[in-house]
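Residue numbers (my numbering): 1 to 164. For every residue, glycine included, the Cβ atom is placed at its ideal position computed from N, Cα and C. Data first, discussion second: the structure below is written as structure tokens.
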């Protein structure tokens with residue numbers, strides 16, 4: 001019986017010693033220099049919206065059709081991913097999205113196909129980090145096509161995967 005308990009006790013002692021050593025030897029954080037603090041303040045400070053500086057009003061342009069992305073495995077369609085997207089634009093620019101919709105759809109499909117080919121729709125594809133990567137890529141191409149002053153964000157309203 002002692003032969004069965006001894007390895008467990010040694011494991012617990014070793015784990016405790018490792019955690020204690022890690023905590024004792026942890027480096028102390030360096031205080032931020034004035035220059036680092038200025039840079040952090042510049043990055044972390046959101047634009048102060050208020051009576052003198054109102055937040056820009058946004059509109060949402062719903063793209064007319066869903067996007068269908070095939071997932072290819074061994075030269076065959078293994079699944080389809082279907083997405084519905086909206087584009088968040090500054091007020092008064094909703095109509096310009098519809099005028100440029102063919103170009104936007106082409107750019108979005110390129111991003112979606114690349115995302116699929118990199119395995120972005122495999123496994124836990126709806127995990128927050130995976131969706132954030134996809135949303136950022138979609139926003140970048142939308143801002144490239146329409147302008148950063150027009151497009152604020154791309155919203156993924158629906159996403160579904162059908163395996164075959």
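C-beta atoms of residue i and residue j nearer than 8 Å
i	j	result
residue 93	residue 60	no
residue 155	residue 101	no
residue 71	residue 121	yes
residue 137	residue 130	no
residue 95	residue 57	no
Residues bridged to residue i (per DSSP)
i	result
residue 67	83
residue 162	80
residue 58	90
residue 156	85
Buried versus exposed call for residue i [16 or more other C-beta atoms within 10 Å across all chains shown]
i	result
residue 82	exposed
residue 69	buried
residue 13	exposed
residue 77	exposed
residue 10	exposed
residue 104	buried
residue 146	buried
DSSP three-state assignment for residue i, whether helix, strand or coil
i	result
residue 97	helix
residue 148	coil
residue 126	coil
residue 25	coil
residue 18	helix
For residue j and residue i, believed in contact at Cβ under 8 Å, the rounded distance
i	j	result
residue 84	residue 134	Not confirmed; about 13 Å, so no contact.
residue 98	residue 141	No, residue 98 and residue 141 are not in contact; Cβ-Cβ is about 17 Å, not under 8 Å.
residue 139	residue 149	Actually they do not touch by this definition, with Cβ atoms about 14 Å apart.
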